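Data first, discussion second: the structure below is written as structure tokens.
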Amino acid sequence: MMEVEELFKGIAVIIDDEINDESSPIFNIRKLIEKRNIPVLTYAEIPSVEIIEALSNVSFIVLDWEYMGNSFQPDFSEERLVIPETLHDDTEEHLIKFIDGIINRIFVPTFIFTGHDSEKIKNKLIENNLWEEGKPNRIFIKQKSDLDSEEKLFTSIKEWLKEMPSVYVLKEWEKTFNKTKNEMFLDLYGYSPYWVKIVWDTLKADSVDNQAEFGEFVTRNFVNRIGEYKFDEECLDTEKTFSQKELQTVIEGERYIRYSSQPLQAYTGDLIKDGKNYYLNIRAQCDLARPNQQGEYNPTLYCVKGKKLKNKDIATDDIKITQDGKLSFGVGKEYTFDELKNICTDIEKLKKVNNKFRNHRNGIFFNKGDLLGKRPEIIIACIAGENAIKFDLKEIIPLPYKEYVDRRIGRLLPPYITKVQQNSSQYIVREGLMPVPEELYSDFGASDC
201 MMEVEELFKG IAVIIDDEIN DESSPIFNIR KLIEKRNIPV LTYAEIPSVE
251 IIEALSNVSF IVLDWEYMGN SFQPDFSEER LVIPETLHDD TEEHLIKFID
301 GIINRIFVPT FIFTGHDSEK IKNKLIENNL WEEGKPNRIF IKQKSDLDSE
351 EKLFTSIKEW LKEMPSVYVL KEWEKTFNKT KNEMFLDLYG YSPYWVKIVW
401 DTLKADSVDN QAEFGEFVTR NFVNRIGEYK FDEECLDTEK TFSQKELQTV
451 IEGERYIRYS SQPLQAYTGD LIKDGKNYYL NIRAQCDLAR PNQQGEYNPT
501 LYCVKGKKLK NKDIATDDIK ITQDGKLSFG VGKEYTFDEL KNICTDIEKL
551 KKVNNKFRNH RNGIFFNKGD LLGKRPEIII ACIAGENAIK FDLKEIIPLP
601 YKEYVDRRIG RLLPPYITKV QQNSSQYIVR EGLMPVPEEL YSDFGASDC
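Residue numbers for the sequence shown follow the working numbering, so the first one is 201 and each next one is one higher.
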């Protein structure tokens with residue numbers, strides 16, 4: 201069961217020019233939040249966009265849409281108060297820049313609680329590419345007048361979370377993350393207040409990029425300590441269908457990272473692109489971390505060569521007889537029995553069909569979420585923008601690091617690179633076996649005597 205106040209433990213930020221007015225709706229909303237033991241940091245004016253990164257760890261941000269600002273001095277001699285148009289436009293432009301920074305630079309739940317017309321706000325956000333109609337949006341817009349009680353406030357947030365599973369997962373993950381992080385650093389400090397120096401010096405003596413090695417040490421310790429995750433399936437379940445591009449992008453992000461800049465050293469899993477060919481480095485990380493005896497860093501990469509596969513190279517269907525009386529072994533590869541009878545009378549056509557059957561048998565099959573190739577191959581799906589890349593394990597190709605350093609395009613992550621290493625080592629150390637005579641099985645399927 202999802203408990204909103206448990207997910208949003210941490211500091212909330214409210215930005216509203218009426219936040220200190222005890223008669224205002226936002227002041228009441230602030231008190232409702234604080235009543236759930238959530239600390240609140242307040243701003244009466246829109247802050248500078250330079251502070252946005254500092255807000256990356258807050259629990260959530262509440263914004264108003266209209267601000268008068270302390271610099272505005274109203275003239276009460278007139279019967280009706282009129283806000284200068286230029287002041288309104290400047291404030292709105294600043295607000296939009298601030299929201300744009302929140303959406304594109306950090307990932308924090310953002311609420312606009314306002315008395316302004318919600319549709320006009322949405323239209324303004326759409327104009328500035330901050331809102332997509334018909335899709336989940338990271339901004340939650342609600343009228344202040346609809347949030348005048350604890351129940352209404354937190355029920356509204358809960359319903360929004362059900363429509364925004366990525367935000368829900370973030371908050372549920374943060375809850376476990378923060379608990380584990382605190383426990384880990386308390387433990388390490390308890391071992392020795394100087395644990396950082398001990399580990400740093402040890403890694404520095406053994407690695408050319410001890411920055412990355414030290415970060416991996418901390419991360420590995422953290423991952424090994426993570427407790428049980430609990431996610432509310434009601435927030436994750438959806439009937440939405442996804443495009444093939446969306447599926448490929450999400451799956452790739454789980455197993456492969458693209459390099460926007462070159463790392464300082466070589467890594468196990470580095471993927472090199474050279475023309476149409478790919479080369480995957482499978483050498484152990486411990487051998488890649490150290491300079492040679494002369495102090496020069498130029499390790500030899502041990503690579504397996506790969507090439508991209510197309511959808512037509514992958515078989516997803518078994519050979520079968522369909523209900524409409526056809527023999528089928530893939531899309532566009534169907535024959536009626538009358539067609540097969542005619543093919544049998546033409547030796548050339550018969551050869552072509554038999555070749556298709558043979559290619560199907562020798563092809564790459566999709567089976568229970570995996571792509572099954574022939575030995576000695578391994579196929580990794582959704583990598584480097586390709587549907588799949590087939591790596592040949594028959595040969596380990598040595599490549600000098602310095603010559604190929606700028607051709608690295610990304611890195612295959614564990615456990616996928618580990619699987620490639622394991623398959624490669626099994627092939628290298630395999631022992632030849634005497635073949636089994638085909639005649640033993642030439643009458644396979646016949647009744648036993």
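All residues carry an ideal CB built from backbone N, CA and C; glycine is no exception. Remember, it's a predicted structure, so these values are computed and weren't measured experimentally.
Residue i vs residue j beta-carbon contact at 8 Å
{"i": "Ile246", "j": "Ile214", "result": "no"}
{"i": "Leu471", "j": "Arg608", "result": "yes"}
{"i": "Leu263", "j": "Leu353", "result": "no"}
{"i": "Ala489", "j": "Asp406", "result": "yes"}
{"i": "Ile357", "j": "Thr310", "result": "no"}
{"i": "Asn328", "j": "Ile296", "result": "yes"}
{"i": "Trp265", "j": "Ile229", "result": "no"}
{"i": "Ile426", "j": "Thr376", "result": "yes"}
{"i": "Ser624", "j": "Ile482", "result": "yes"}
{"i": "Ser345", "j": "Gly301", "result": "no"}
{"i": "Tyr502", "j": "Ile596", "result": "yes"}
{"i": "Leu388", "j": "Val308", "result": "no"}
{"i": "Val620", "j": "Val504", "result": "yes"}
{"i": "Ile238", "j": "Ala212", "result": "yes"}
{"i": "Phe431", "j": "Val369", "result": "yes"}
{"i": "Leu572", "j": "Ile580", "result": "no"}
Other residues of its chain near residue i: CB distance less than 7 Å, five sequence neighbours each side excluded
{"i": "Gln485", "result": "Tyr467 and Thr468"}
{"i": "Gln462", "result": "Val605, Asp606 and Arg608"}
{"i": "Lys526", "result": "Glu534, Tyr535 and Thr536"}
{"i": "Phe414", "result": "Val399, Trp400 and Leu403"}
{"i": "Leu436", "result": "Pro365"}
Residue(s) in a DSSP beta bridge with residue i
{"i": "Lys440", "result": "Answer by DSSP bridge pairing: none, since Lys440 is not bridged."}
{"i": "Gln343", "result": "Thr314"}
{"i": "Asn481", "result": "Cys503"}
{"i": "Phe591", "result": "Gly506 and Ile578"}
{"i": "Lys473", "result": "Tyr478"}
{"i": "Gly610", "result": "Arg458 and Leu471"}
{"i": "Lys375", "result": "In the DSSP output, where bridge partners are listed per residue, Lys375 has none listed."}
{"i": "Leu571", "result": "Phe566"}
{"i": "Leu640", "result": "Answer by DSSP bridge pairing: none, since Leu640 is not bridged."}
{"i": "Lys520", "result": "Ser528"}
Rounded C-alpha distance that separates residue i from residue j
{"i": "Asp221", "j": "Asn304", "result": "32 Å"}
{"i": "Gly380", "j": "Asn421", "result": "The question names Gly, yet the displayed sequence has Thr at residue 380. Cα to Cα, Thr380 sits roughly 10 Å from Asn421."}
{"i": "Ile306", "j": "Glu253", "result": "7 Å"}
{"i": "Val204", "j": "Ile583", "result": "37 Å"}
{"i": "Tyr456", "j": "Pro614", "result": "9 Å"}
{"i": "Glu374", "j": "Leu509", "result": "38 Å"}
{"i": "Gly390", "j": "Glu383", "result": "10 Å"}
{"i": "Leu207", "j": "Leu403", "result": "37 Å"}
{"i": "Ile299", "j": "Ile519", "result": "55 Å"}
{"i": "Ser259", "j": "Lys371", "result": "8 Å"}
{"i": "Thr516", "j": "Glu446", "result": "20 Å"}
{"i": "Val240", "j": "Lys209", "result": "11 Å"}
{"i": "Glu351", "j": "Ile312", "result": "18 Å"}
{"i": "Ser672", "j": "Val418", "result": "Because residue 672 is not part of the residues shown, which for the chain are 201 to 649, the question remains open."}
{"i": "Asn567", "j": "Ile514", "result": "11 Å"}
{"i": "Pro225", "j": "Asp348", "result": "7 Å"}
{"i": "Phe385", "j": "Glu428", "result": "19 Å"}
{"i": "Pro336", "j": "Ala244", "result": "29 Å"}
{"i": "His294", "j": "Glu434", "result": "37 Å"}
{"i": "Asp317", "j": "Phe442", "result": "33 Å"}
{"i": "Glu416", "j": "Leu599", "result": "26 Å"}
{"i": "Thr449", "j": "Asn587", "result": "10 Å"}
{"i": "Leu325", "j": "Ile339", "result": "10 Å"}
{"i": "Gly506", "j": "Lys476", "result": "9 Å"}
{"i": "Arg575", "j": "Gln411", "result": "39 Å"}
{"i": "Met634", "j": "Tyr641", "result": "16 Å"}
{"i": "Gln493", "j": "Lys473", "result": "30 Å"}
{"i": "Tyr267", "j": "Leu361", "result": "27 Å"}
{"i": "Glu638", "j": "Asn555", "result": "21 Å"}
Same chain only: Cβ atoms within 8 Å of residue i, ignoring 5 sequence neighbours per side
{"i": "Glu577", "result": "Lys590, Phe591, Asp592 and Leu593"}
{"i": "Phe227", "result": "Glu218, Ile219, Asn220 and Asp221"}
{"i": "Tyr459", "result": "Arg608, Ile609, Gly610 and Arg611"}
{"i": "Asn562", "result": "Lys574"}
{"i": "Thr438", "result": "Pro365"}
Sequence-distant residues of the same chain with beta carbon closer than 6 Å to residue i, five excluded per side
{"i": "Asp409", "result": "Leu464 and Gln465"}
### Start-end ranges of the alpha helix (DSSP H) lying completely within the stretch 526-567, minimum 4 residues
The stretch 526-567 contains, as complete alpha helix (DSSP H) runs of 4+ residues, the segments 537-544 and 547-561 (chain order).
### Query
For the stretch 215-280, which segments carrying the alpha helix (DSSP H) assignment without a break, of at least 4 residues, lie completely within its bounds, in sequence order?
Fully enclosed alpha helix (DSSP H) runs of 4 or longer: 225-235.
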